[in-house]
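Peer 1: Reminder that position 230 of the sequence shown reads as 229 in numbering that gives the first Met the number 0, one-by-one numbering, no gaps.
A virtual CB, placed ideally from N, CA and C, is assigned to each residue, including glycine.
Quick one: structure below, then a few questions.
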Amino acid sequence: MNLIYGANKYFIGAVKFFDTNKDFGFIASNNCNMPTPKYNQDFYVSSASFIENEAKKEEQIVVFQVDKQNNGKKRAVNVRRITKSEEDSLLALSYYGDHEYIEYKDNRKINLYTHTFKPLGMVADKVRRIIEEDAGRSPEKTSEHFKFFVDHYKQNEYSKDRYIFDRQFSTEEKSIWRSLLSIFTDEERIAVMKRYPTIVRYFDDSDLIQTWLGQKLNNDSELSDWQEVERIFEYIPKECAGYAKQRIETLVDGKIFKVFEELSTRSDISEDVLKVSSDYRQRKAMGMYVDYDKQNAVSKLWSYLRLTSKQYEEEKAKCLASVKANRFKKELTEFVGRQHNAYGRNDFFTYLNNLSTEEFQSIREDLASSISPILDKAIEEKKYWQVVGDIGQLSVMGEEFLNPYMQKMLPLIKETLKESLRTNLNSPYRIKSDFFSAYEHYSSIYEKAEKVEIKQELIPILRETRSIGVLSEVSTGFHTWLTTDEAIALSKQIVSQWGYAEIKEFVKDEPNLFDHSIQIADLIIARAREIVKTIPLSHFFDGTPLEKGKKEYYYRNPERENCAFLKDLKKLIPNGQHSSEWDNYINSRSVDDLLVLFEHDVITSLPENIVEIIINAISLNGVYADKERWYSKPMLKNRTHSKVLGTTNANLFPLIAQRLQSMEMTDENVALAVLLTELMTANMPDSDSDWETSFTSQIQNFKKTNSIDQRLAVIWWAVHSKTTTSKASLTEVFAILPPYLQIKIVKKLFKSMSEGKIHHTAESFYSLISNGERPICFPLEIAFTYLKLRENDQTKTLDNNIMLQLLEGREDTDEWIGIRSIVTQCSGRWVANELPNNRSNRRRNSYFNGIISKIQDGRLKVFIPQKMVDEYGNIKEYNNKHYARTIQQIQITYKEDEYQIVNEPNGVSYYFDEAYEAELFAIARPFNFKFNGLNNFVGFETKEEDQEEFCECRLSDKVDNFHRIAFYWCGNKPCFRPPVRYRIDSEWESYTILDFMRILGISPDYTNKNGKKTKFGHYIILSSYLKSFAKFYEHLKCRECDKLMKPKDITNFTSRAVTEFACVNENCVKNGFVVYLNHCFNKQKCNATIDSRDSRQCPNGQYICPECGACCSTENFRRRISNLHMTGGYISDRLRLFVENDLGHWEKHEFFCYRCGKPITNENGTYKCKDCDVSYNNK
């Protein structure tokens, strides 16, 4: 090691950075104790430079030596953290003065003085040596050295002990300061006292202090000098303090007289202001405007007064007398000059009212002579409002001065108010507010007798009004000038003259008349009824001909307009009160009018006879779809009828049951009976158990007392459950029922099987619901075909061959898509979003129905409590409504050997292997369990643009890395859809084919050739096939007549038994035209349908896939030859030569455009046709 500055030479620096991976860094320092003129110094370091690992931290203050490397670079060595040892303190002290700062990085500096330890005594000795060794020593330079020392320590600016020597005067460190100051000459001490007056406490020399005070308190000294001296009185000898106080009072006395002279010229000084108050600045700061001249003068006065023992009472009195005289002159001048400034005038009146009696009497005569001309001029200019306001404010002037003006104003006021009342007499709802404000203002200066006199001259004018709004205001409002009875009588005369237009205009603004009096409401409604009682709602109340209404700028609808008027009219009726006039109008309306009124919410209920009329008028023509296409409860087209039935208080059951009983249950009437049966509960309240009990009782009693058709019994059982039917009746009528009800019945029967009440195989179940005469709905036909197929052979599934056989001979082929109601539907791709872990996360749960956690041995614990828990597992007082349901979910999903169960005091726990982590989200998500971030920190939303007909998601074996929750894999992208799971018995209406398989004992799990098991794999395969068939089915339709094409022939070697189809519609121009349809052979990555109407053939004569470009494969044809050998089929020469000559384009990566058939080129894995803009991404 080659230490440049010797073995005993150490330096201080700061670690800029140290990169452990690159074994490289730098220490920043300066040139202290180094023979180099450059101040900033950087030293390279490696891991070998450090003797402490902790010293590598960025910005760490370190001690180091300097080593010269072979390449000439300087490297820091023996690097360690700085300590509080005497050695390190002395080293740090060597940086005192010119070398205290290190230039760090990003233009930052590090102060070594604040980052290193140096005892005060050691620093003081350093300062002492600097002063003693200063060749140019002087009082000024010594003071600067002392200041540099003191400035290194924190100052408490607002404390009496501001500096460090103040704070240490009563500590052991006091001796350090005395020792340092002992070397100072008298001149140096005075220089230091000038800079730091409180340092005087360290000096005992009275003569020295007296000399300093004489210099400090000279004739040119200012307030700040006097205040500094005042603060040190307790630290100096008494004789010195006495001298200082006397000298300060002498200096202050002259200043105070000058301030009083300044304040005497003002008009805004009060006696309170002249009292010394510590909160003056605070009080002034609260105002928006601050008079800084006044504030500065008062502040100086207070500061001076605090420095003297004199009271200056005579000077204060003279000042205040001068200020009051100035104030009156100022206020009177401003009042005279502010005739149009209300705020300025109010300031003057406030000033007058605040004067004492003695003060007012001294100015009364001058005030009267100044105000009289102002009042006379205002009356002459008809500024009556101002005159009355001034008279009211000048009450202090007395009656002798004011009475002549009040008598002069009385007739003028009467005429002014009469004119204002006549102007506003016929306002629609109330007299404009300025009339009563004017009355209150003008009459405020008079006694009660004069006020009554004014009002009696105004009341006759009020009776002339044509506005019932005005009459309401003056009889029931704040100003009651008429009795209510008189006002209503006058209103009746007015309303009797109104026509439709006047009433409509009046009621549209919802006026509040006579405190919502029912009398006035009946009065107006009676007049309206008199006008419109003979007009049906289908005609305009205002008499506009219907044809004219249709031709106007915007189409007018008489029913809508009339009902809007009637709704406004009805609002006149006070809440909770009854209007006989309104009832008379409603009772006079026809059935059609009543329905219109109900539709437009004018009335909220209808008589039972009208409800019965609606029920008896219902037919199949009144629903949106043909009965063969009812895949949900049928809905009435007539929204009014639907609204009536849904809101009526009438008991619908006897009304509908009576009609059903009178119907003949023919095949044609079965669907109508279903519709009517569904409508029995149209007005059922939400979650009303009493209503449901009563309804069930009515059905059962009706069946006991009436002989009902067996078909109707099946319908009631199917729709409303709590009744019975027979197997024979069910089998007989099942195929005639609408599809949604067939599906509901099947689900209901499967629920009974799940509960162990009945037992069936797929075959026997099918026999129960099909009697062979009529086909059941197509979706159930497909479902049972699949179930029977799987029941006989667990490896089988649906294919095109089977589906084409099912399509054959059916007229409802399009209805196959209804199978969506019994498989898992796709609602778009679900994405997971991170939610914030704070109060802004409104979806964050406080309580859970259980917790799933990973325990120490790696297993997963599913804790199901009887009451809800918080996120820490603490039991809460709320019952867990999912307790039994969650247990049932586990029992139907897993075998007993897949978990261990432990009963606990507050619930039950199930233990699973960690391999079940993803699957258990099917428990956690629907039943609100805490599991990783689920139900707290993760939210879900759907991207509906990705929606498909069928869901073919496959559950991932592992949870996702980011959210740690389960997800599904669909279309090579993750999807966080709700878990696919078995439905428990209480969810039977949501059963799918997956649940049918469970209940029939058909395994839905799929195991591949390698033994890997996929949960619900067969169900996923079914959904995937249905998704592909949906595309294939659209291609089965003739594009000319839209009829379904039929198979043309059976080829010898294709993967599907039928690939050629033709239209058989004899009336279609495409009759007999052969279309090639097949799935793409690239089944692993592509599920497209190849259609010869869309695709060209490749040079080998094979049709080209429109999505991936595949056309023919040698290996694919070789497998077909192998299959033909196995089955004994015919192998054509063309097929044999194709394989022998290796003609397949797939293996050669040769692709052709499906639109034009031309070869296309590969551009970075994308094959693109330059002519047709067709591309395939086959990377």
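(1) Please give me, in chain order, every unbroken run of the beta strand (DSSP E) with length at least 3 that falls completely inside the stretch 763–848.
(2) When DSSP labels each residue in this structure, what does I612 get in the three-state scheme?
(3) Over the uninterrupted beta strand (DSSP E) stretch that includes A27, give me the two end residues.
(4) Would you mind listing the alpha helix (DSSP H) stretches within the stretch 364–443 that are 4+ residues and don't spill past its ends, in chain order?
(5) With distances taken between CB atoms, is the gap from N832 to H881 smaller than 8 Å?
(6) Going by C-alpha distance, which of I992, K1014, I370, R884 is nearest Y915?
(7) To which residues of the same chain is S1054 closer than 6 Å at the C-beta, ignoring the five residues directly before and after it?
(8) If distances are taken between C-alpha atoms only, which option among V62, N39, G24 comes closest to K8?
(9) Can you name the residues that DSSP bridges to E102?
(10) What would DSSP say about S1054, mapped onto helix, strand or coil?
(11) Is DSSP giving E357 helix, strand or coil here?
(12) CB Y242 to CB Q209, shorter than 8 Å?
(13) From the DSSP output, read off the bridge partner residues of D66.
(14) Anyone know if the C-beta pair for D224 and L216 falls short of 8 Å?
(15) Measuring CB to CB, does I768 end up less than 8 Å from V745?
(16) Considering only DSSP beta bridges, list what Q154 is partnered with.
(17) Should the stretch 564–578 be called in touch with the stretch 522–536, which here means at least 3 C-beta pairs below 8 Å?
(18) For S766 and E988, I'd like the C-alpha separation in whole angstroms.
(19) Considering only the beta carbon of each residue, do L1043 and L1035 sit closer than 8 Å?
(20) Would you kindly check if the distance between the Cβ of V473 and the Cβ of W1198 is under 8 Å?
(21) Find the nearest neighbour of I81 within the set K56, K244, I175, judged by alpha-carbon distance.
(22) Determine, using beta carbons only, whether E221 and F259 come nearer to each other than 8 Å.
(23) If you run the structure through DSSP and keep just helix, strand and coil, what is K1044?
(24) Can you tell me whether I998 is helix, strand or coil according to DSSP?
(25) Which partner residues of F911 appear in the DSSP bridge assignment?
(26) Quick one: using the 10 Å Cβ neighbour count with 16 as the cut-off for buried, is Q214 buried or exposed?
(27) For E1139, which residues does DSSP report across the bridge?
(28) Where do the ends of the alpha helix (DSSP H) carrying L651 lie?
(29) Look at F25 and F42 and say whether their C-beta atoms are less than 8 Å apart.
(30) Mind checking E504: buried by the 16 CB within 10 Å criterion, or exposed?
(31) Threshold first: 3 residues or longer. Then list the beta strand (DSSP E) segments lying entirely within the stretch 1051–1137, N to C.
(32) In angstroms, rounded to a whole number, what distance separates the CA positions of A75 and E86?
(33) Taking the DSSP output, what are the residues bridged to P459?
(34) Taking the alpha carbon of R1092 as the reference point, which residue from C1079, C1037, G1108 has its own alpha carbon closest?
(35) Helix, strand or coil for E58, going by three-state DSSP, please let me know.
(36) What residue does the alpha helix (DSSP H) around A91 start on, and which one ends it?
Peer 2: For this structure:
(1) Counting only runs of 3 or more, we get 828–833.
(2) I612 falls in the helix class under three-state DSSP.
(3) Here the beta strand (DSSP E) through A27 covers 23–29.
(4) Those alpha helix (DSSP H) runs which fall completely within the stretch 364–443 and span 4+ residues are 383–392, 398–423, 432–442.
(5) Not closer than 8 Å, so no.
(6) Ranked by Cα distance from Y915, the first of I992, K1014, I370, R884 is K1014.
(7) In this prediction, S1054 scores a pLDDT of 38, lower than 50, which makes its location untrustworthy; the coordinate-derived value is nonetheless stated afterwards. Excluding residues within five positions, none has a Cβ falling inside 6 Å.
(8) Cα-wise, what sits closest to K8 is V62.
(9) DSSP output for E102 lists K108 as bridge partner(s).
(10) For S1054, the predicted structure reports a pLDDT of 38, less than 50, and the residue's modelled location is therefore unreliable. A value from the coordinates is still provided. Assigned with DSSP and collapsed to three states, S1054 falls in coil, not helix or strand.
(11) Three-state DSSP puts E357 in a helix.
(12) It is a contact, given that the beta carbons lie within the stated cut-off.
(13) DSSP lists L2, R74 as the beta-bridge partner residues of D66.
(14) Contact: yes.
(15) Cβ distance < 8 Å, so I768 and V745 count as in contact.
(16) Answer by DSSP bridge pairing: none, since Q154 is not bridged.
(17) By the Cβ rule, the stretch 564–578 counts as touching the stretch 522–536, because three or more pairs are nearer than 8 Å.
(18) If you take the alpha carbons of S766 and E988, they lie about 22 Å apart.
(19) Yes; because the gap between Cβ atoms is below 8 Å, this pair is in contact.
(20) Because residue 1198 is not part of the residues shown, which for the chain are 0 to 1178, the question remains open.
(21) Measuring from the Cα of I81, the nearest candidate turns out to be K56.
(22) Contact flag unset, no.
(23) This sequence places Met at residue 1044; Lys is not what is there. M1044: coil per DSSP, three-state reduction.
(24) Three-state DSSP puts I998 in a helix.
(25) Answer is L859.
(26) The C-beta of Q214 has fewer than 16 other C-beta atoms within 10 Å across all chains shown, which makes the residue exposed.
(27) Paired residues: none, contrary to the question.
(28) 651–661 is the span of the alpha helix (DSSP H), which, as asked, contains L651.
(29) Closer than 8 Å, so yes.
(30) E504 should be labelled exposed.
(31) Runs found: 1057–1061, 1073–1078, 1088–1090.
(32) Between A75 and E86, the alpha-carbon positions lie close to 19 Å from each other.
(33) P459 is not bridged to any residue.
(34) Among C1079, C1037, G1108, the Cα nearest to that of R1092 is on C1037.
(35) Looking at E58 - three-state DSSP - the assignment turns out to be coil, as it is neither helix nor strand.
(36) Start and end: 85–92.
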